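J.: All residue numbers for the sequence shown refer to the numbering used here, where the first residue is 221 and numbers rise by one.
C-beta: ideal position from N, C-alpha, C; glycine also.
What you are looking at is a predicted structure, and each value in this text was computed from that prediction instead of being measured.
Submitted below is the structure of interest, expressed as structure tokens.
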Amino acid sequence: MGEDMVSSSRLPVWLDCDPGHDDACALLFAAYHQSLNLIGVSTVHGNAPLSKCTFNALSVLEAIGKPDIPVFPGLSRPFCRTVHTAPDIHGASGLAGTDLLPEPSRSALTHCSAVLEMRNALLSQPKGAPYLVATGPLTNIALLFTLFPNVAEHIAGLAIMGGAIGSDFTHVSLTSGTTAKMGQPYLDTTGTSHARSGNRTPFAEFNTWADPESARSVLQNPLLKSKTTLIPLDVTHQAYATPEIQRMLLNGINGPTKLRTMFNELLMFFAHTYAEVFGLTDGPPLHDPLAVAVLLENHPDPQVRIDFDDNGGERWDVDVILEGEQTGRTVATKSPNGEGVRIPRTLDLPKFWRTLEECMARADEVKGYVK
Numbered sequence: 221m222g223e224d225m226v227s228s229s230r231l232p233v234w235l236d237c238d239p240g241h242d243d244a245c246a247l248l249f250a251a252y253h254q255s256l257n258l259i260g261v262s263t264v265h266g267n268a269p270l271s272k273c274t275f276n277a278l279s280v281l282e283a284i285g286k287p288d289i290p291v292f293p294g295l296s297r298p299f300c301r302t303v304h305t306a307p308d309i310h311g312a313s314g315l316a317g318t319d320l321l322p323e324p325s326r327s328a329l330t331h332c333s334a335v336l337e338m339r340n341a342l343l344s345q346p347k348g349a350p351y352l353v354a355t356g357p358l359t360n361i362a363l364l365f366t367l368f369p370n371v372a373e374h375i376a377g378l379a380i381m382g383g384a385i386g387s388d389f390t391h392v393s394l395t396s397g398t399t400a401k402m403g404q405p406y407l408d409t410t411g412t413s414h415a416r417s418g419n420r421t422p423f424a425e426f427n428t429w430a431d432p433e434s435a436r437s438v439l440q441n442p443l444l445k446s447k448t449t450l451i452p453l454d455v456t457h458q459a460y461a462t463p464e465i466q467r468m469l470l471n472g473i474n475g476p477t478k479l480r481t482m483f484n485e486l487l488m489f490f491a492h493t494y495a496e497v498f499g500l501t502d503g504p505p506l507h508d509p510l511a512v513a514v515l516l517e518n519h520p521d522p523q524v525r526i527d528f529d530d531n532g533g534e535r536w537d538v539d540v541i542l543e544g545e546q547t548g549r550t551v552a553t554k555s556p557n558g559e560g561v562r563i564p565r566t567l568d569l570p571k572f573w574r575t576l577e578e579c580m581a582r583a584d585e586v587k588g589y590v591k
């Protein structure tokens, strides 16, 4: 198949991210899956300050052999709140744990605002073709759809990694024989122990907690609801990068390479912080690449398709709490008319891990690490 035909059959994707260890894997997945065409990247405050998230995006794209993908720095803080980062999880740089990340050979593009460039890139694609993936706080995304509501009608879909449903939303048994865990229980003011659903607070996932107003704006947008898939912690905490998974990604078919070693070191650091902060010792949950992988669930080729189970087509009205101790909590109510946000409960994990390794193998080839 010619290059033009290959390109035209790929789904155009814009990734808005805050790299971030798991964002690095999302960048790899989006850049190297043969059915996806990563047309641009924007960065947002989140796991680290915006300048570091932008540097990290440039560095990861350099490391994986995709320095041509444009990167635009977005908003450095929420509209209504103080900016918060996650150095306890991702280190001060946002991508701590390895010395193998290269210095970028280029700078981010600042001649145009990230939100305007996102709009232009998405609208340049045929209507109903492009996808938008958000793996950080939703500040850029909320501004995009507020300023340019026609983009909501134009895109094929929006996939968000964010939120936490809780209340045994999933009942998947993991390799340890337990259900998806969020970390150690928390004690209320009476000393009673409760299961936690969030990772930033007992109630809230980091991305929705960091900018709950933007999260509410996006998830309540009537033009977007039917096109939005939310990948919450309930799903991502099924995707533990266990020691076995880490070895598989490190070794591949041809053994460790510089690229695989870099990702392995990042995963080992991520695993250490999750064990220290949350007491999760099965390995770190790899949140963000799942928001990219869900774009493949309707692929016509069963060898490519990654199945996500939404329990027979469930749809949800999703709100975000803006005040009090539960700020940032996502509250999902089943939609009575079958319309609304889609929230899968499970996915084909072996297929996901296999696909991520295949993306790493393609990056190895481009970098010349294997022949």
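Rounded to whole angstroms, what is the Cα-Cα separation between A283 and A511?
T.: Looking at the two C-alpha atoms, the distance is approximately 22 Å.
J.: Ordered along the chain, which non-local residues of its own chain (more than five positions away) have a Cβ less than 7 Å from that of T274?
T.: Correct list, in chain order: T263, V291, P293 and A328.
J.: Please confirm whether P504 and D431 have their CB atoms less than 9 Å apart.
T.: Not in contact: P504 and D431 (Cβ atoms no closer than 9 Å).
J.: What does the alpha-carbon distance come out to for the pair D288 and R480?
T.: D288 and R480: Cα-Cα distance of roughly 21 Å.
J.: Exposed or buried, what is P239 when buried is set at 16 or more other beta-carbons lying within 10 Å of its beta-carbon?
T.: Buried, because 16 or more other Cβ atoms sit within 10 Å of the Cβ of P239.
J.: Would you grab the beta carbon distance between S417 and F423 for me? Rounded to a whole angstrom, and I think it's under 8 Å.
T.: About 6 Å separates the two Cβ atoms, so the contact holds.
J.: Report buried or exposed for P452, applying the criterion of at least 16 other Cβ atoms within 10 angstroms of its Cβ.
T.: It is buried - the Cβ of P452 has at least 16 other Cβ atoms within 10 Å.
J.: Would you mind sorting D454 into buried or exposed? The rule is 16 or more other CB atoms within 10 Å of its CB.
T.: Label assigned to D454: buried.
J.: Using three-state DSSP, classify P324 as helix, strand or coil.
T.: Three-state DSSP puts P324 in coil, outside helix and strand.
J.: Tell me whether the beta-carbon of L542 lies closer than 9 Å to the beta-carbon of E433.
T.: For L542 and E433, yes; Cβs fall inside 9 Å.
J.: Smallest Cα separation from S325: which of A277, T428, T462 and N474?
T.: Measuring from the Cα of S325, the nearest candidate turns out to be A277.
J.: What three-state label does DSSP hand L487 in the structure shown?
T.: If DSSP states are grouped into helix, strand and coil, L487 belongs with the helices.
J.: Can the beta-carbon of C579 be found closer than 9 Å to that of L248?
T.: Yes, the Cβ-Cβ distance between C579 and L248 is below 9 Å.
J.: Assign K478 to one of two classes, buried (16 or more other C-beta atoms within 10 Å of its C-beta) or exposed (fewer than that).
T.: That one is exposed.
J.: Mind pulling the beta strand (DSSP E) runs of 3 or more residues that sit fully within the segment 421 to 504?
T.: List check, beta strand (DSSP E) in window: 448 to 451.
J.: How big is the Cα-Cα spacing for M212 and I526?
T.: Absent from the model: residue 212. The displayed extent of the chain is 221 to 591, so no value can be given.
J.: Nearest-angstrom Cα distance between P476 and A244?
T.: If I take the Cα positions, the gap works out to 18 Å.
J.: Flag this pair as yes or no: are the beta carbons of N419 and F498 separated by less than 9 Å?
T.: Yes, the pair counts as a contact, with Cβ atoms nearer than the cut-off.
J.: Can you tell me whether R574 is buried or exposed? The criterion is at least 16 other CB atoms within 10 Å of its CB, across all chains shown.
T.: The residue is exposed, with fewer than 16 neighbouring Cβ atoms inside 10 Å.
J.: Counting along the chain, where does the beta strand (DSSP E) carrying T330 start and finish?
T.: It is not in any beta strand (DSSP E) - T330 carries neither H nor E in the DSSP assignment.
J.: What distance in whole Å lies between the Cβ atoms of L444 and F363, which are believed to be in contact at a cut-off of 8 Å?
T.: Before going further, note that residue 363 is Leu rather than Phe in the sequence given. With 8 Å as the limit, L363 and L444 do not qualify as a contact, their Cβ atoms being about 14 Å apart.
J.: To the nearest angstrom, how far is it from the Cα of M482 to the Cα of P346?
T.: When rounded, the distance between both Cα atoms is 37 Å.
J.: In three-state terms, what does DSSP make of Y589?
T.: Three-state DSSP puts Y589 in coil, outside helix and strand.
J.: Once the 5 residues before and after A306 are set aside, which same chain residues still bring their CB inside 7 Å of it?
T.: Cβ within range, chain order: N267 and F426.
J.: What separation, rounded to the nearest whole angstrom, lies between the Cα atoms of K587 and G285?
T.: K587 and G285: Cα-Cα distance of roughly 6 Å.
J.: Check whether the Cβ atoms of P520 and F572 sit closer than 9 Å, and answer yes or no.
T.: No. Outside cutoff.
J.: Considering only their Cβ atoms, is the gap separating A583 from A251 smaller than 9 Å?
T.: It is a contact, given that the beta carbons lie within the stated cut-off.
J.: If I'm right that R535 touches T390 with Cβ under 8 Å, what's the distance once you round it to whole angstroms?
T.: So it is not a contact: roughly 17 Å between Cβ atoms.
J.: Roughly how many angstroms separate the alpha carbons of R467 and A312, rounded to a whole number?
T.: The straight-line gap from Cα to Cα measures roughly 26 Å.
J.: Roughly how many angstroms separate the alpha carbons of K554 and G411, rounded to a whole number?
T.: Near 32 Å, if we compare the C-alpha coordinates of G411 and K554.
J.: Measuring CB to CB, does I361 end up less than 9 Å from K447?
T.: Not in contact: I361 and K447 (Cβ atoms no closer than 9 Å).
J.: Buried or exposed, going by whether 16 or more other CB atoms sit within 10 Å of the CB of H241?
T.: Buried, since its Cβ has 16 or more Cβ neighbours within 10 Å.
J.: Just verifying my parser: in three-state terms, what is the DSSP assignment at C300?
T.: Coil.
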